[in-house]
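What follows is a single structure, written as C-alpha cells, with notes after it.
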Amino acid sequence: MKRNRFGINLDQGVPLLTEDDFDTLYVDCFNKTTEQLISWIKKGRQPLLLGGQIGSGKSTIVAKAIMDASLNPDITLHFDRDSINLDAGDFWGIILTEFIKEALEKGIDLSFCKLPQELGGYRPDQWEVLYYGLHPTEFSMDTYATKISLRKKIVDNAGYIEEIVNEIGKRIEGALKHRLFILASGLDKFQPDSAASFASQSVFQNLLKFKTLYEVNAVRLFARPGSPLDSIERLFIPIAKREAVVEMLSKRMGIYAKPIVKELGVLAEWSGGNPRQAIRLLTHFETAKKNRKLNKLERIALAIHETEKDYFAFAQKPSDQLMKAIMRTEKINSSLFLLPGDKDTARLALYGNWILIDEMLDDISWKAEINPLVKAAFDRSAMPEQPEIKFLEQYAGDADIGVIGTDGQRRVHVADGGKGQEKISFEILYDIINKNIEQPLPTNLSEMFDALSGALLSKDRSDRIIISYKNQDAAKAARNYLFAKANTYEYQRYLHVILEGGANKQPLQKLEEILSQDTDIYSFEFAGEWTKEQLEALDKQRDDFLNYQLLWWIPYGALDKYLPHWIQLRQLFEIYVLEDELLGSISIDEINADLAFINELAENGEDSASNVVTNFKQVLKYLKKVRKGENYG
Amino acid sequence: MDDEIIRAYLWRDVIRLGFSPSSTKERKCWLREYQNSLRYFWEVDSYPASLSEERGIIKAQINCDKLNLCLDYEIKPNSNFKASFLFLQQSNVELILIHDVDDNYYTFPDQLWLTMDNRRSMAVRNYSQDHAKAVMDGLIFHPAVHLHIASPIDNHEIRIGGGINNPFQYLFQLRYQFCPDEIKRQAERDRLIALFFNAVRANSPIAASNLMAQPRNLRTEEGSL
Chain Y
5 MKRNRFGINL DQGVPLLTED DFDTLYVDCF NKTTEQLISW IKKGRQPLLL
55 GGQIGSGKST IVAKAIMDAS LNPDITLHFD RDSINLDAGD FWGIILTEFI
105 KEALEKGIDL SFCKLPQELG GYRPDQWEVL YYGLHPTEFS MDTYATKISL
155 RKKIVDNAGY IEEIVNEIGK RIEGALKHRL FILASGLDKF QPDSAASFAS
205 QSVFQNLLKF KTLYEVNAVR LFARPGSPLD SIERLFIPIA KREAVVEMLS
255 KRMGIYAKPI VKELGVLAEW SGGNPRQAIR LLTHFETAKK NRKLNKLERI
305 ALAIHETEKD YFAFAQKPSD QLMKAIMRTE KINSSLFLLP GDKDTARLAL
355 YGNWILIDEM LDDISWKAEI NPLVKAAFDR SAMPEQPEIK FLEQYAGDAD
405 IGVIGTDGQR RVHVADGGKG QEKISFEILY DIINKNIEQP LPTNLSEMFD
455 ALSGALLSKD RSDRIIISYK NQDAAKAARN YLFAKANTYE YQRYLHVILE
505 GGANKQPLQK LEEILSQDTD IYSFEFAGEW TKEQLEALDK QRDDFLNYQL
555 LWWIPYGALD KYLPHWIQLR QLFEIYVLED ELLGSISIDE INADLAFINE
605 LAENGEDSAS NVVTNFKQVL KYLKKVRKGE NYG
Chain X
1064 MDDEIIRAYL WRDVIRLGFS PSSTKERKCW LREYQNSLRY FWEVDSYPAS
1114 LSEERGIIKA QINCDKLNLC LDYEIKPNSN FKASFLFLQQ SNVELILIHD
1164 VDDNYYTFPD QLWLTMDNRR SMAVRNYSQD HAKAVMDGLI FHPAVHLHIA
1214 SPIDNHEIRI GGGINNPFQY LFQLRYQFCP DEIKRQAERD RLIALFFNAV
1264 RANSPIAASN LMAQPRNLRT EEGSL
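If you want it as C-alpha cells, here you go:
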C-alpha cells in the first residue's frame, strides 16, 4: 500500500507488510512477544502457535519478526485465500500445492510417486502441470473445472495425499539441510467449532512434523487436553499499552498529530489496546471532524459510535452473566473456553472481541476486560468507574467544554436531532453507544457521501463499504449518483454485479471471477437467500479483499441475517444505512451543475463520460419520480 | 538589460502561463485539479468538497483541518475574488480574515507598462535560473508583502501573500504555504522553478495537471528518498 511520508495514513488496520510500512508506521507495541518470535524463527525447531485476537496485530508481528530475523519461511500456506468453504480435502489441496511449488523451485526429485498421473491423468513426471492445475494463474471455466476436479480427488484420497506431503517435506528438508520452516496463516479466520475449523484439525496435526508457525485466533490457544494443539509451544499477543497505542495513532497522523494529541489519548483508551480498533476510531474521528456543527467531545463520541456500529451492530451477543462477571473480577477462567458446545459465551466473546484478554495470571485464569465499546450494553451502573469514561470527562474539562452543574458534575451541550440538550457527558455517551448494539443507525446522507466519496474518488485507496438500503429504487439512484461523482474527479472504471446467493447458486465462484477482472471499483449487490455456509465462507476470505475498492449493497432486511456470520469481514467494512428521506438531500441544482461539467468533459473524448451522463440522467429521473412529477427542470 | 525589468516580464509571464485559465470550463478544470492536489500535497485523508457554479460564480471550500482552518472562496467571471478564512473553534466557526479583490477600483497597471515598454523578447533572451528563483519566491514561496497569523496559529513559515489580485495565484500560494513539511516544500520549490523556467522559455501555457503534480525528488539530510 502506498504510504504518505509525513502526512496521514489511515486504513482499516490492514497488516503492515513492506519496509515502507514499517519505517513509517510501526510501533513496537509487543516487544517481548516480537523478540520471542524472532528468537524462535532463528533458533526454534519445534512448531509454535502465535495467538492473538482479531485486530491485535498478528500478521504485522509475523512480518516484522521475519524481516528482523532475515529468515523467510520456506513455505507459506494461506488458508484464507480460497473461495471454497474448506473441508479437510481443501486444506490438503492447499498444502500439496505449496509443497509441490517449493520442491519444483528447489529441483527436488519427486519420482518416488506418480501423483500427476493419478490425480490429473498427466504424465507421471508432469508435476509442474499438476501444480498449475491446482493453482491456475488464469481464470476460466476450464481451469476452474480442473481445479475442482483435482481437489475432489484429493478429498477422496486424503490419507494418501498426507503421505505424499510428508515425503515431499522430508525431501525438501534434506535439500535445505535445515528444518522446513512453514508459515500457516489464515487459520485465525475460522470460527471456533465451525466445520472448517474441525476439518483443519488433521492438517494442524500433520504440520507438527515441521517447524511450523501457526497464526491463530486467541481462541485456538485454549486447546482441550489431548488435542493436537495441546502440546505445542505458544506465544500470545497481549493488549497493547495505552502509551504504545497513542504513539501508533500519532504515527498514523504524521505531522498532523500534534494538534490532536489529547484526542488521541482518549481514543487510545477506547481502543481497549486493540491496534485495529484504535485505527478505526481514529478514522471515524477524522471523518467526524468534517462536521462543523459538532464540538470536540461530540466528534469523539461520534467516532466511538461509528466504530461500535461497524464491529458490533447485529453481532451475536455473549451472555450478560459472563460479561458482568468479567467486569467485576477483571479476569476469566481459562476452562470457560473449553466448555463443549459453548457457542454463546466465552469462546464467542473472545473470538468476537467482546472481551479482550491480556496475560495469564495463573494456571487457571487470564487477566481480561470488556471491550470499552460494548460495556454500555451490559452494565450501566458500572460505567462511571470505567477509565475510558473518566478520560472523556477529564478531556471535556481540559478542553473547557460544557459547564459545571450545581451537582458538581460537568454538563455538555449536545445537538440532538436539531434540539439542544443538556446532559452529563458520560450519559450522552451511554445513550449514543446503547443505540448501536442491537441495530445500526442511519447516517446523514451527506456524511455518507463524504465517506463514500473519500473511498470512491481515488484509485490509490482500497476501501470497503456496506450500504444497506430499504428501497431498491433509492439504492439504484444513489449508486448512480456515487458512480457519477467518482467520475467527476478522475475517470475510474467500476463494475456493478448482482451476486445471487442460495441453494444451488455459486455466488462465491462468481465473486472470484469478477475480482479477477481489471477495474477500479467493484460494486456487488447481494440478492437471493444466501445460505449460512455461503456467508461464512465469505467471512474467511477477508484478507482477499484487502486490495480492492468494494461497495456491497445489501437489503436492510437481510443485514441482520448476514452480519452475525461476518465477524472477520466487518473488521474491514464500514456500514451505512441509506434512508429514502436522506436521498432528497442530493439537490437537483447540484446534479445539474455537475452534469454541465461532465458534459463539458465529454467533449474531451474521455471514455467513461457517456456512463457518467447516463447515470446523472437516471438520478434526475428518479428524483422527479419520487417527487411526484414536480418539474425541477 | 536591467535585472528588475527582466524579472518584471518574467513575473507577468508566470502569471499568464500558469495562473490564467480563460473560459469557465478551463477555470473549473484548473480548480478541480487544484482541489484534488491538496489531498496528496498536504498528505491529508479528507477529500475536498466539490465546486459549485451559479451564474458564472464558482464557489468552493478548502479544509485545512489540522490548522483548524477553513477557506471559503468564490471567483466571479471578471477578476473579482473573495477568500474568507474561518477558524474553527471547538464548537463554533469564527471568521478571522477576508481577502477581497474588487476590480472596480484602480490598481497599478503593470501589464500596460510592460506592453508599452515592448521588450519582452529581449527579456526572455536574458532569463536565467536566478531570475526564475527570485520571481517564484515573490509570487509563491515568500511573497514580499505577506501576512502571518499570530494567533491561534503560531507558525512563522506560513506567509499568506498580500496584494494578490489573481485568484488562481492566490490559491496556489496557499497550497504551498499550508504544506507543513519543509522537505516537501523545498522539493516543490525546485519543481516549480524548473517547470516555469522551461514554460516561459517555450512561451507555453502550463496544463493544470502539470502545475498540480506532486514533487518527486524529496531531499533529506542523507540524500534523495
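So the protein lines, in turn, are chains Y and X. The opening position of the first sequence corresponds to residue 5 in our numbering, with each subsequent residue numbered one higher. The opening position of the second sequence corresponds to residue 1064 in our numbering, with each subsequent residue numbered one higher. Idealized CB from N, CA, C, for every residue including glycine. Since the structure is predicted, the reported quantities are computational estimates derived from the model, not experimental observations.
Contacts of residue i in chain Y (Cβ-Cβ under 9 Å)
i, result
"residue 1244 of chain X", "9, 10, 11, 258, 259"
"residue 1106 of chain X", "8, 9, 10, 11, 12, 13, 258, 259, 260"
"residue 1122 of chain X", "Within 9 Å Cβ-Cβ: nothing; residue 1122 of chain X doesn't reach chain Y, min ~10 Å."
Nearest-angstrom beta carbon gap, residue j and residue i [assumed within contact, 8 Å]
i, j, result
"residue 545 of chain Y", "residue 526 of chain Y", "13 Å between Cβ atoms; not a contact."
"residue 70 of chain Y", "residue 45 of chain Y", "7 Å"
"residue 361 of chain Y", "residue 372 of chain Y", "5 Å"
"residue 1135 of chain X", "residue 293 of chain Y", "Actually they are not in contact, since the Cβ atoms of residue 1135 of chain X and residue 293 of chain Y sit about 17 Å apart, beyond 8 Å."
"residue 376 of chain Y", "residue 397 of chain Y", "Not quite, the Cβ-Cβ distance comes to about 14 Å (not below 8 Å), so this is no contact."
"residue 507 of chain Y", "residue 530 of chain Y", "That belief does not hold up - the Cβ atoms of residue 507 of chain Y and residue 530 of chain Y are roughly 16 Å apart, past 8 Å."
"residue 272 of chain Y", "residue 256 of chain Y", "That pair is no contact at about 11 Å."
"residue 1271 of chain X", "residue 1096 of chain X", "4 Å"
"residue 218 of chain Y", "residue 53 of chain Y", "5 Å"
Cβ shell of residue i (< 7 Å), same chain only, five flanking positions each side left out
i, result
"residue 30 of chain Y", "20, 68"
"residue 1069 of chain X", "1186, 1189, 1190, 1194"
"residue 101 of chain Y", "135, 138, 139"
"residue 310 of chain Y", "288"
"residue 352 of chain Y", "320, 322"
"residue 73 of chain Y", "42, 45, 46"
Amino acids of chain X, ordered along the chain, whose beta-carbon sits closer than 7 Å to that of residue i
i, result
"residue 293 of chain Y", "1128"
Between the CA atoms of residue j and residue i - distance to the nearest angstrom
i, j, result
"residue 608 of chain Y", "residue 1092 of chain X", "Low per-residue confidence applies at residue 608 of chain Y: pLDDT is 47, beneath 50, and the placement is therefore not dependable enough to give any value."
"residue 1227 of chain X", "residue 305 of chain Y", "42 Å"
"residue 207 of chain Y", "residue 223 of chain Y", "18 Å"
"residue 10 of chain Y", "residue 59 of chain Y", "24 Å"
"residue 213 of chain Y", "residue 47 of chain Y", "16 Å"
"residue 567 of chain Y", "residue 1084 of chain X", "51 Å"
"residue 184 of chain Y", "residue 99 of chain Y", "13 Å"
"residue 378 of chain Y", "residue 316 of chain Y", "8 Å"
"residue 1209 of chain X", "residue 1223 of chain X", "5 Å"
"residue 1176 of chain X", "residue 1170 of chain X", "13 Å"
"residue 78 of chain Y", "residue 84 of chain Y", "19 Å"
"residue 111 of chain Y", "residue 179 of chain Y", "9 Å"
"residue 279 of chain Y", "residue 482 of chain Y", "33 Å"
"residue 65 of chain Y", "residue 97 of chain Y", "27 Å"
"residue 1207 of chain X", "residue 1233 of chain X", "14 Å"
"residue 370 of chain Y", "residue 243 of chain Y", "12 Å"
"residue 1133 of chain X", "residue 5 of chain Y", "30 Å"
"residue 239 of chain Y", "residue 80 of chain Y", "19 Å"
"residue 571 of chain Y", "residue 543 of chain Y", "7 Å"
"residue 333 of chain Y", "residue 367 of chain Y", "16 Å"
"residue 336 of chain Y", "residue 330 of chain Y", "6 Å"
"residue 277 of chain Y", "residue 261 of chain Y", "19 Å"
Residues that residue i bridges to, as DSSP identifies them
i, result
"residue 1162 of chain X", "X:1146"
"residue 569 of chain Y", "Answer is none; residue 569 of chain Y lacks a bridge partner."
"residue 1123 of chain X", "X:1136"
"residue 578 of chain Y", "Y:469"
"residue 335 of chain Y", "Y:371"
"residue 216 of chain Y", "Y:186"
"residue 553 of chain Y", "Y:525"
"residue 238 of chain Y", "Y:53"
Closer than 8 Å at the beta carbon, the chain X residues around residue i
i, result
"residue 263 of chain Y", "1129, 1130, 1131"
Contacts around residue i, its chain only, beta-carbon distance under 6 Å, and the 5 residues preceding and following it disregarded
i, result
"residue 577 of chain Y", "468, 470"
"residue 7 of chain Y", "13, 24, 28"
"residue 550 of chain Y", "18"
"residue 1263 of chain X", "1076"
Partners in chain Y for residue i, counting only beta-carbon separations shorter than 7 Å
i, result
"residue 1251 of chain X", "Per Cβ cutoff of 7 Å: no residues; residue 1251 of chain X is ~13 Å from chain Y at best."
8 Å Cβ shell around residue i - same chain, five flanking residues per side excluded
i, result
"residue 88 of chain Y", "Any reading at residue 88 of chain Y is ruled out, since the residue's pLDDT is 45, under 50, leaving its predicted position unreliable."
"residue 1182 of chain X", "1064, 1068, 1072"
"residue 173 of chain Y", "103, 184, 213, 214"
"residue 1078 of chain X", "1202, 1229, 1232"
Chain B within 8 Å of residue i, Cβ atoms only
i, result
"residue 1093 of chain X", "Among the chains of the structure shown, chain B does not appear; the protein chains present are Y and X."
Contact test: residue i Cβ vs the ligand FMN heavy atom, cutoff 7 Å
i, result
"residue 118 of chain Y", "The model on display carries no ligand, and the ligand FMN is accordingly not part of it."
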